[in-house]
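All remarks here apply to the structure that follows.
2 protein chains.
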Amino acid sequence: MERTAGVALWRQIAERLRTDIRNGTWKEGGKLPTEQVLSARFGVNRHTIRRAISELSAQGLLSSRQGRGTFVENAPSPLTYPIGPRTRFSEIISRQSREPGGRLIGSGREAAQPWLVEKLRLSLGQEAVHRLEVLHVADGIAVSLSTNWFPAHRFPDLVSRYAETGSITKALAAHGVADYIRKKTEISARLAEPEESRWLQLAEGAPVLVTDLVNVDEAGTPVQVSRTRFAADRIQLTVEN
Amino acid sequence: MERTAGVALWRQIAERLRTDIRNGTWKEGGKLPTEQVLSARFGVNRHTIRRAISELSAQGLLSSRQGRGTFVENAPSPLTYPIGPRTRFSEIISRQSREPGGRLIGSGREAAQPWLVEKLRLSLGQEAVHRLEVLHVADGIAVSLSTNWFPAHRFPDLVSRYAETGSITKALAAHGVADYIRKKTEISARLAEPEESRWLQLAEGAPVLVTDLVNVDEAGTPVQVSRTRFAADRIQLTVEN
DNA sequence: CAGAATTTGTGCGTATGTATG
DNA sequence: TCATACATACGCACAAATTCT
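So the protein lines, in turn, are chains A and B.
At position 141 of the first sequence the residue is numbered 271 (the numbering used here), and the sequence of numbers has no breaks.
At position 62 of the second sequence the residue is numbered 192 (the numbering used here), and the sequence of numbers has no breaks.
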């Protein structure tokens, strides 16, 4: 393993093992190579391997027993999140037979930043937006954190409607938006920020997938801008062509 | 800034500043807040801020001058990589008026892993594949590293054809594949592995966007499986709906 | 069943990296 | 720049649980 640059060796190794487990290198219940072998393979001290394993054990992915070895405890199949014109969180999760849930964790009314004015095509003097922060959960596990912005003048009661119904689709419908479609999605990745780590229960420094999207109504007018951060180790995005 | 294991504070802050610069929080030529202010904002010692700034300076993103301040030297607009049924690397890059380049960095013939057998729909006894490792470059900057697999029995001379033409499209055409389209794309993110860091000239522990795709010919038969790792700080994927 | 071999668990000393003031 | 504290990583040794012969 290559020497440093601000990321501890044990963390790099832990992330490697995590993706190996996810890719099925060792099946659930399967046995990992011995600490001996792993330390030789990564070219590090056994203590370092043990630190990495202990991290994954604490997260319930692995378990070690003295004299026996280290075993894969849980290899949760990653959720798949299709990106298309009509993706709705709850439908997707339900289709994969998991219990969906959204939790309103913050909201507010604020002045739109320039990039938001452009994306929502706000006109002069109507630059106020509602901001809605929602944590998405599947089977009790946090999978994504989304920040949503809506033009405040068009959707004055959006926050309370969402609070009542727990659904953005329904909150928009209450304001006369019968249908909306996803126009464009931008996808990037970066390291999680501390607040994101907290909500998504990620290790600090874990990667997040970020999607930026614009939803438009039937007339093509933007009704919602949304920035969603997915826990990259729990979800995979797919695009069908 | 929150105290946490495995990732140095200065790295977390460097990554934050990098995404802020990319998001245009400070324009090119713009002045960053003083180290004083930044250290207060992140709740860390000024030394730590300086370490983060020095990292970004070494990468040519920032520059500091005594008595004046720290300035944004380079805010390269991120390349946008659209994902659709007919995306070809060179077309995309050219359209954004950058000089594209692909470099063959490795190849080989090997037995297909089970998941490859499934994705390429290989029949029994024809499980050999060609592997092609290509580094993609735009304007002299590495943007992605892709591993490509092809059924060896159908495309016996693929590697040499690619070496001659520098184009997968042409190498496939030489084997009678007039056209192909992208069937499905899976997108995930993880930390770069050491070898990826080396090729993409990434800092260790930097995130990569990973896309897995299957290309099929006009008859719908898989001709290529490809896994591409993008430097997440240099590229953004987009999906048009 | 005894004893050897294997594998994880633990302790200590040292050197270097990270973060503060 | 210096001093201090803690985290990271290494190397060695040995203990404890389990498996193999």
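Even for Gly, the Cβ is constructed at its ideal location relative to N, Cα and C.
Keep in mind the model is a prediction, meaning the values are calculated, not measured.
CB-CB length for residue i against residue j, believed under 8 Å
| i | j | result |
| --- | --- | --- |
| A301/B | R291/B | 4 Å |
| N345/B | K313/B | 7 Å |
| I151/A | A205/A | 5 Å |
| L250/A | A319/B | So it is not a contact: roughly 27 Å between Cβ atoms. |
| V267/B | L209/B | That pair is no contact at about 11 Å. |
| R176/B | E165/B | 5 Å |
| D342/B | R357/B | 5 Å |
| S199/A | K161/A | First, the residue type needs correcting, since residue 199/A is Gly and not Ser in the sequence shown. Going by Cβ atoms, the distance from G199/A to K161/A rounds to 5 Å, so yes, they are a contact pair. |
| R233/B | L265/B | 5 Å |
| E326/B | L367/B | Between L367/B and E326/B the Cβ distance is about 17 Å, and since that is not below 8 Å, they are no contact. |
| E348/A | D309/A | 6 Å |
| S169/B | I183/B | With 8 Å as the limit, S169/B and I183/B do not qualify as a contact, their Cβ atoms being about 11 Å apart. |
| V156/B | V202/B | According to the sequence as given, residue 156/B is Trp; it is not Val. Between V202/B and W156/B the Cβ distance is about 5 Å, and since that is below 8 Å, they are a contact. |
| H260/B | S237/B | 7 Å |
| A322/A | D363/A | With a Cβ gap of about 11 Å, A322/A and D363/A do not count as contacting. |
| R218/A | T299/A | 6 Å |
| V369/A | T315/B | 4 Å |
Under 9 Å by beta carbon: chain B residues contacting residue i
| i | result |
| --- | --- |
| K161/A | Chain B residues near K161/A: none, gap ~19 Å exceeds 9 Å. |
| W140/A | A135, G136 |
Proximal chain A residues relative to residue i, where beta-carbon distance stays under 7 Å
| i | result |
| --- | --- |
| E145/B | R320, L321 |
| W156/B | Neighbours of W156/B on chain A: none; closest Cβ ~14 Å, over 7 Å. |
| A241/B | Those do not exist, as A241/B stays about 17 Å from chain A at its closest Cβ, beyond 7 Å. |
Interface residues of chain A facing residue i [CB-CB closer than 8 Å]
| i | result |
| --- | --- |
| K314/B | T368, V369, E370, N371 |
| T149/B | R320 |
Residue i, DSSP secondary structure in three states
| i | result |
| --- | --- |
| I243/B | Sequence inspection shows Gln at residue 243/B; the Ile mentioned does not correspond to that position. In this structure, Q243/B counts as coil in the three-state DSSP scheme. |
| D150/A | helix |
| R359/B | strand |
| K249/B | helix |
| R141/A | helix |
| Q256/A | coil |
| L168/A | helix |
| D347/A | strand |
| R364/B | coil |
| D269/A | coil |
| W279/B | strand |
| P337/A | strand |
| R284/A | coil |
| E158/B | coil |
| P163/B | coil |
| G136/B | coil |
Interface partners of residue i on chain B, CB under 7 Å
| i | result |
| --- | --- |
| I213/A | V369 |
| A362/A | S318, A319, R320 |
| P88/A | This structure leaves residue 88/A out entirely; chain A is present only between 131 and 371. |
**Study point:** Ordered list of beta strand (DSSP E) runs contained in the stretch 170-223 of chain A, each at least 3 residues
**Key:** 192-195, 199-202, 209-212
Check your understanding: When Cβ atoms are compared, which residues of the stretch 339-353 of chain B fall closer than 8 Å to chain A?
Key -> L339
Point to revise | Runs of beta strand (DSSP E) wholly within the stretch 286-331 of chain B (minimum 3 residues, chain order) | key: 310-321
Practice item. Please list the residues of the stretch 262-276 of chain B that have a C-beta atom closer than 7 Å to any C-beta atom in chain A, keeping them in chain order. Key: none
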